[in-house]
Each structure stands twice: as C-alpha cells, then as structure tokens.
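Engineer: Under the working numbering, the first residue of the sequence shown carries the number 3, and numbering increases by one thereafter. By construction, the Cβ of each residue, glycine as well, lies at the ideal position given by its N, Cα and C atoms. Here it is, the structure, as structure tokens.
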Amino acid sequence: MKNFIAFGIAFITVLLLSCCREQANENTVAGKKNETANEPKFDNKLTDREISGGVMTPEIMWKFGRVSEARISPDGKIVIYAVKRFDVPTNKSKNEIFSVSVTGGEPKLLTNHIGQNFNPRWRPDGKKIGFLSDKSGVPQIWEMNPDGSDKKQATDIPDGINSFEYSPAGSRILYTKDVKLDKTASEVYSDLPKADVRIIDNLMYRHWDNWHDYAYSHIFVADYMNGKMNNGGDIMQNEKFDSPLSPYFDNAEIRWSRDGKMIAYTCKKMSGKEYALSTNSDIYVYFLETGKTENISQGMNGYDKYPVFSYDSKYIAWQSMETPGYESDKDRLIIYDFATKEKKDVTQNFEESVSNLTWSKDDGKIYFISGIKATFHVFSFDIKVNKISQVTKGVHNYHALQCADNTLIGEKTSMSMANEIFRIDENTGKETQLTFTNKNIYDKIEMGKVEERWVKTYDNKDMLVWLIYPPKFDPKKKYPAILFCQGGPQDAVSQFFSFRWNFQMMAANGYVVIAPNRRGLPTFGREWNDQIALDYGGKNMKDYLSAVDAIKKEPFIDTDKIGAVGPSYGGYSIYWLAGHHEKRFKAFIAHCGMFNLESQYGTTEEYFFVNHDLGGPYWNKPKPKSYEFSPHLAVQNWDAPILIIHGGRDFRIPYTQAMEAFNAAQLRGVPSRFLFFPEESHFVLKPQNAILWQREFKAWLDKYVKK
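Set out below in structure tokens:
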C-alpha cells in the first residue's frame, strides 16, 4: 500500500495574467464578451490575512507549486522541469514547463497553455524540447525551441498519448497509449446498447482507483523526422498486459538502449487471479532489428522493475525484489551482461533498498537513492572496485535523480520544504539549489522546528521519533499533541513534504506532532522492516505507545490533550488503538483504514499483499492468527471520539471498512463523524475536497483534544 509520491515560480502570476490579457484581446477581436470572473487564476500570492497569520493553512498549501520531472540537457547545461499549480475556486490544475541553468539563476517559463503540459524531454541533439500537451484536446507530442519559441504539434494520435521518449539518435520515438482489447457488455449483446452491467469472470476487475476499462497500456515505436512522427507499431500487439504497470503507469519502467537497438520494459504478463496473487513482474527486452522480445529476468519471481542501460549498451541494471508476493522486500541492484547473460546482485552486502538508478557517462558508476535512518540520500556504486559510497548527507529526502555529462541533478524535500531541484557534486556531495519555486510563501510564513529524537521501546530497542513543534514554540507553555501513525505499512516516516498529511500544517494548528518510525518501516535494517508481517496488532502498536509515553514526559506536553491520527495502515492503527489505548488519547482520526480484516480480505484487489501480511485467507484451517488483530474485535472498548474518512474510489481498502467502523461507533454511542468522498480514492486529490478535509481534521482535534 505504498503510496507513494508529490509534484512554482514567484513571478508566474505576472506571466499568467499577461497570458490572460492576450486571450482577452483575442476574444475582443472576435466580438466575444470577455468573462474572466470564472477563469482559473492559479495565483500563488498570499493574501494580507494569510501574511498576517504567518503560518501554514490549507489555503496556503494549495498555492504551492509542485515541482517534478527534472531533465538535464544533453550538454549538461540546462534543466527543464514541470510545475503543477491549482486554482481552488474552479477546482482545476495546470502544468507548465520551465528551464533553469545548472549554475542557477532565474528560471524561464517555456509554456503558457492553461491546461496540462508535462513529460518534458530533450531531443537528443539539444535543439528542441518535446513535451505532452492537451492544447489540441487530448495529450499529443509538441515541440519547441529551448527558449520556448516555435511551438508545434508533432503528433495526431487517436485518443492521445500517455508518455514518450526519443531514441538516442533522435530518429525514432517510443510512446505509450491505451489499446482496447476487451469487449464491453453492450458489444457482447449488441441488441442491448443501453445495458449497464459488467460481466466479470476473473479477479483484477478493478485496481487501486479504477475499474478495468477494457484497454491496456501498450508501447509503440514510430519513425520520427523533422518534427513529425508517424503512428508507428505496437510492440505488444494483442497482448492483454500493461506496460508501464498498472495502477501507477510510471514511464520510468521503459527505457531505450543507448545504441537505439533495444527497448527494455517492465511487464507482468499474467491476468486475473494469477495477477492478483503475484508480484512477478519481469524485464523484457525488445530488439528493433528482429522484432523479437526476450525476458531477461526469467526465474526471478518478485518485482523486477525500472531497467536502465549502460552508455555502451553492453549492460542493463534494474531493481529486483527476491521474495515472491512481498511488495516491500529489499529492492536489489541487479546488473545484467548481454554478452554472457549473467545477472549479478551487487547489493548483497547493502541492507537497504535502492531506487532511481542512473549510470555515469563513463559507465564506471551507477548512482541510486537509498534510505538511512528515515532520510533518503544519493549513493554511488563503483563498478571497478565493487564499492558503495554515500554521496549526500543531511536531514532531507532525495527522490529523483538524473545524470548527464557528469552533472548530477536531484529532486529534494524535507518536512519544511516542498520538492525543489538541486545540483549535486558527485565527489563532495555539495548541493546547490537551482529552483526556489515557493520562496514567496516561505518568506511570509514560519515553519515549526523539526527535531530528531531517539526513544526506547517497551523491549529496549532504539526508535527514531520526529517531533514537529508549533511555530513560535515556547518551552514554558503546555501544548496538545498528535501521534501520527504511518501507512504502508512499510513506508518510512522520512523527510517527506505531504500535501495531505503535512506535519507543518498540524503543528501550525498549535500541536506538537509525534511521528515515530515504528517497527515495519524501512531504513533501519531488514529485521526492523520485515517484523510487522503477521503481527499487525503486536510490537509496532506497542512502539506507538512507547513513543507517546516517552514524549509526554516533556514538561511542554499537556498529557490530558493527546490525539492520534493516521492514513491507510495508519488508519488501521487508529482503529486498533481505539480499542487498546488505555485512556492515553482524547480523540482519533482514521483515514482509509482497515477495520475488519476478514471483510478487507474479501474486498481488496492485490491479494499478494494480504496473503503476505496476514498469512493467507481467513477460511484457511487453522485460521491465520493475524486475524486476531482485527480492530472490529475490540470495538466494545472504544471510548473516545473518532473521525472516520474514506474515498469511494479506494479499491485497495474499500470504503465499506469505514462504514463498518462508523456504524459500530454510532451504535455504541461513541461521538463520531464520517467524511465520505465519493470520487476520491485512497488519497484526497481535488483542491476543494482537500481543503475541506483539512478544515474537518483541525475542527475535530480542536473540539475533542485541544479544548
């Protein structure tokens, strides 16, 4: 249940207003009435009231620009990237593309379309930037000069394109699009065109937040010349499988070889029940000259993903999990030799997972990101001496990495800073910030102090706990506190900047936030990470209580005013703690949590997850003991107010879990409220819904904890 991942410039308002004025002039020329009142503004300027308040609010948070998709020019001198912004009154978003020099300086806005501009890619000759835009209705490839001039549409693919990459020589393009291969009910019964039904014969009929739409994501290869591309051919023709993998469709799972002769892609070539029970994705290599495809990870039965070719195209590296059915297993770094067909795990003596692989230009090193004590940093693997070294240090996270012409570029966050782009000196680890997308906001508000604490667990283990203090914290005063329970269940409480579970937002409301890295979370060794399976209500729950009991000894904590909150597995944790907290907490908030493990097993979609973590189905004889940790079995002990939140399109943990919990609380007379978002999933992503979520979150804690 990883959740994973977030996507800005101070002068963007002026540029957008200029764009609006140009559009208004066009409307005037056409004799149309200029109605700007309902047009999205995407304004990131703080109001006088927000400046006066001086702390994070939901409205301020939705003015943040969200940076992503950094790409370095072939000569290593310019970085292009995307910034996503939102307009709350219209509930709309837009993506724009910017550029900035690798030496720093003012960024340049390259696009001005109020819509979606994304997937920016340098053409290999560096003379053009390709990107996807919905300017003509559906996403198509457009190209522009590096200064943003001379924008032209390069494709006209029916129904649009999901992602694309230039070949290294620039003579071909690979792109992904949806291909309909299954029949709808009305196609089966052509005389009943208005029949509204799904005919289901196997599992995986819905996944994450979408019902199966009778189509699959396929890879196409097309010839490209002089800014134009033909439709090309489907290299997965008639295959009822997705690449990239559903449900996230991450285009980093597909890569060109540097010589342009091969395409490596990630695919899980199975369906239905087999798909639901397995994590066995593989790395496939398509040879353009012969049209043949080879599975180079055959016999490796866990997740194999994210292939990256060496510059000489003699090797390919990828991330691989060894244990079948375990989605949070260690991600190993595998290197495959095309000449010998040998596969080698070069991280056998490295305990943590690797991600975001990128080769140095001389093929001497592979850079990657890995976790260490609830932070994520850049590491390098020196191929000649078989040595792993840590490149960056500090209290922050890196979560994207690019290398070109010996220049390293990373995307970095902390609990006090949303995503920004940094240049990294590969030898010294020195970091230079290149983008300052939200500086105008940081200059006007105060963030709370973030502090690392180590506490002893009930069984004398050392556990890292983050404390986030309210702005203008006074140690002589007493403050209410919030225990944050992490989801995953195997996602570190690291230096992330969440636009939902934002610790600075919680602290700005006057609370000390207690965020423990309980058992089951990575970056503290495999034993700590793996312990949680089959023990949901066991040691990790005691870790939560150990964190609270240690921190509430501080004189600035009001021990009578402590609440607990959490999403996903954290929501499960809340339901469990509600029945076992022994009067520690005044109120709870559970978001998209599991309440009844038996009904959760019967309604989820990725069965490999529940089989691994719960030990199998509830009907097994004997029944796995993990079902004894189902929170519904202790609902008779609930004695504190609880706010329950769920999305109607959450198919990982269906909303019926929230209904069961809320109904039980109501029937038992426990003060409770149910926030149901019909069109949201495991996450609340629409601006107005998200702001409402934050307001209800604050109001509930203020009513039942603070007062």
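In terms of residues, what are the limits of the alpha helix (DSSP H) holding G573?
Structural biologist: Unbroken alpha helix (DSSP H) run through G573: Y571 to A580.
Engineer: Note down the Cα distance separating E698 from Y308, rounded to an integer number of angstroms.
Structural biologist: About 39 Å.
Engineer: Ignoring anything shorter than 3 residues or poking outside the stretch 529 to 575, list the beta strand (DSSP E) runs there in chain order.
Structural biologist: Here the runs fully enclosed are 559 to 569.
Engineer: Residues in its own chain within less than 8 Å of M323 by CB, not counting five upstream and five downstream?
Structural biologist: Result list for M323: T281, G304, Y305, D306, E329, D331, K332, D333 and R334, in chain order.
Engineer: Tell me the rounded alpha-carbon separation between E145 and W578.
Structural biologist: Going from the Cα of E145 to the Cα of W578 covers about 53 Å.
Engineer: Determine whether the beta carbon atoms of I99 and F44 lie at a separation below 9 Å.
Structural biologist: Contact flag unset, no.
Engineer: State yes or no: is the C-beta of V57 within less than 9 Å of the C-beta of V81?
Structural biologist: The answer is no: Cβ separation not under 9 Å.
Engineer: How is the alpha helix (DSSP H) around W695 delimited, first residue to last?
Structural biologist: That run of the alpha helix (DSSP H) goes P689 to L703.
Engineer: Answer with buried or exposed for R200, where buried requires no fewer than 16 other C-beta atoms within 10 angstroms of its C-beta.
Structural biologist: R200 comes out exposed.
Engineer: Check whether the Cβ atoms of H93 and Q690 lie closer than 9 Å to each other.
Structural biologist: The sequence as given places Asn at residue 93; His does not occur at that position. Going by C-beta atoms, N93 is nearer than 9 Å to Q690.
Engineer: Whose C-beta lies closer than 7 Å to the C-beta of L476 among residues of the same chain, with five residues either side of it excluded?
Structural biologist: Note that residue 476 is Asp in the sequence shown here, rather than Leu. Answer for D476: no residue qualifies.
Engineer: When you compare each of M206, K386, G327 and T349 to K367 by their alpha carbons, which one comes out closest?
Structural biologist: Here the closest residue by C-alpha is K386.
Engineer: With H, G and I counted as helix, E and B as strand and the rest as coil, what does DSSP make of H209?
Structural biologist: In the structure shown, H209 sits in a strand (DSSP, three-state: E or B).
Engineer: To the nearest angstrom, how far is the alpha carbon of D89 from that of R68?
Structural biologist: So the alpha carbons of these two residues sit roughly 13 Å apart.
Engineer: Quick one: what does DSSP say Q25 is sitting in, helix, strand or coil?
Structural biologist: For Q25, the pLDDT reaches just 39, beneath the cut-off of 50, and the residue's location in the model is therefore unreliable, leaving the point undetermined.
Engineer: What three-state label does DSSP hand I53 in the structure shown?
Structural biologist: In this structure, I53 counts as helix in the three-state DSSP scheme.
Engineer: Skipping 5 residues on each side, what residues in its chain have a beta carbon closer than 6 Å to that of L469?
Structural biologist: Result list for L469: E453 and R455, in chain order.
Engineer: V707: buried (16+ other C-beta within 10 angstroms of its C-beta) or exposed?
Structural biologist: Looking at its Cβ environment, which holds 16 or more other Cβ atoms inside 10 Å, V707 is buried.
Engineer: Report the three-state DSSP secondary structure of G235 (helix, strand or coil).
Structural biologist: Strand, per DSSP.
Engineer: Give the DSSP-derived three-state secondary structure of L290 in the structure shown.
Structural biologist: Note: L290 maps to coil in three-state DSSP.
Engineer: Given I655, which residues of its chain have a CB within under 6 Å of its CB, disregarding the five upstream and five downstream residues?
Structural biologist: Here the set comprises C594 and M596.
Engineer: Comparing alpha-carbon positions, which option in W503, D161 and K623 lies nearest M686?
Structural biologist: This sequence places Val at residue 686; Met is not what is there. Selected option, being the one with the closest Cα: W503.
Engineer: Along the chain, where does the alpha helix (DSSP H) that runs through H115 open and close?
Structural biologist: Per DSSP, H115 belongs to no alpha helix (DSSP H) and is neither H nor E.
Engineer: With DSSP collapsed to three states, give me the class of G412.
Structural biologist: In this structure, G412 counts as strand in the three-state DSSP scheme.
Engineer: K35 by DSSP, collapsed to three states: which one?
Structural biologist: Confidence in K35 is poor, its pLDDT being 42 and thus under 50, which makes the residue's placement too unreliable to answer from.
Engineer: Would you check if the stretch 570 to 577 and the stretch 471 to 491 touch, i.e. whether three or more CB-CB distances between them fall below 8 Å?
Structural biologist: Taking 8 Å as the limit for Cβ pairs, the verdict is that the stretch 570 to 577 does touch the stretch 471 to 491.
Engineer: Could you spell out where the alpha helix (DSSP H) holding L610 opens and where it closes?
Structural biologist: The question names Leu, but residue 610 is Phe in the sequence shown. Element bounds for F610: Y609 to L616.
Engineer: Can you grab the Cα-Cα spacing for the pair N639 / H583, in whole Å?
Structural biologist: So the alpha carbons of these two residues sit roughly 9 Å apart.
Engineer: So, for F679: in the same chain, excluding its five sequence neighbours on each side, which residues have a beta-carbon less than 7 Å away from its beta-carbon?
Structural biologist: Answer for F679: G649, G650, V686 and N691, listed in chain order.
Engineer: Do the stretch 617 to 629 and the stretch 550 to 561 make contact, defined as three or more Cβ pairs closer than 8 Å?
Structural biologist: The stretch 617 to 629, when compared against the stretch 550 to 561, does not touch it at the 8 Å Cβ threshold.
Engineer: Just grab the DSSP bridge partners of L82 for me.
Structural biologist: Here residue 82 is Ile; the residue named in the question, Leu, does not match the sequence. Answer is R73 and S101.
Engineer: Could you check the C-alpha separation between I336 and I374 for me, to the nearest Å?
Structural biologist: So the alpha carbons of these two residues sit roughly 20 Å apart.
Engineer: For the pair the stretch 69 to 77 and the stretch 122 to 138, tell me if three or more CB-CB distances fall below 8 Å.
Structural biologist: Touching, yes.
Engineer: Can the beta-carbon of T268 be found less than 9 Å from the beta-carbon of Y286?
Structural biologist: For T268 and Y286, yes; Cβs fall inside 9 Å.
Engineer: Going straight from the alpha carbon of T186 to that of Y216, what length do you get?
Structural biologist: Each residue's alpha carbon lies about 7 Å from the other.
Engineer: Give me the Cα-Cα distance between M302 and R174, rounded to the nearest whole angstrom.
Structural biologist: Each residue's Cα considered, the two are about 31 Å apart.
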